[in-house]
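Here the structure is laid out as structure tokens; the discussion comes afterwards.
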Amino acid sequence: MPALSLLLALGLAACASTPGAGGPEGLPADAMENTRTEANGDVITEYRIAGQLRAVRVQPSRGPVYYLYDRDGDGSIDNREGDNPPVTYFRLFEWD
1 MPALSLLLAL
11 GLAACASTPG
21 AGGPEGLPAD
31 AMENTRTEAN
41 GDVITEYRIA
51 GQLRAVRVQP
61 SRGPVYYLYD
71 RDGDGSIDNR
81 EGDNPPVTYF
91 RLFEWD
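Counting with my numbering, you get residues 1 to 96 for the letters of the sequence shown.
What follows is the structure in structure tokens.
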């Protein structure tokens, strides 16, 4: 019985710590969304605050959804020059 209680508590904690499906974490709820579908079937959602691009949600036609962020606030997605691609964030688990 204690093991079942522990599993239930861990499950509830995981649900409580999971961000909502409303958009990327760290953005205000009033961020403007613009969604488009590319020719290859990918769905791109841009999140803008005061007209500046702050995050991009990419839902590929195959594969997991991932996010790209503007961390320095300059209005463009952060990109490192050279061999390092932009930092990509995957949402591995989500409960509705």
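Note that beta-carbon positions come from the ideal geometry of N, C-alpha and C, so glycine has one too.
Of the candidates ASP74, GLU25, TYR47, the residue whose Cα lies closest to the Cα of THR35 is TYR47.
Between the C-alpha atoms of PRO64 and ARG71 there is a straight-line separation of about 22 Å. With distances taken between CA atoms, SER61 lies nearest to ALA39 out of ALA39, ALA55, MET32. Contact annotation: GLY73 and LEU53 have beta-carbon atoms that are not nearer than 7 Å.
Straight through space, the alpha carbons of VAL58 and GLY26 are spaced by roughly 17 Å.
Secondary structure remark: continuous beta strand (DSSP E) runs of at least 3 residues inside the stretch 34-64, in chain order: 43-49, 52-59. Annotated three-state conformation of PHE90 is strand, per DSSP.
With at least 16 other beta carbons inside 10 angstroms of its own, LEU68 counts as buried. For LEU68, the enclosing beta strand (DSSP E) has its first and last residue at 66-69.
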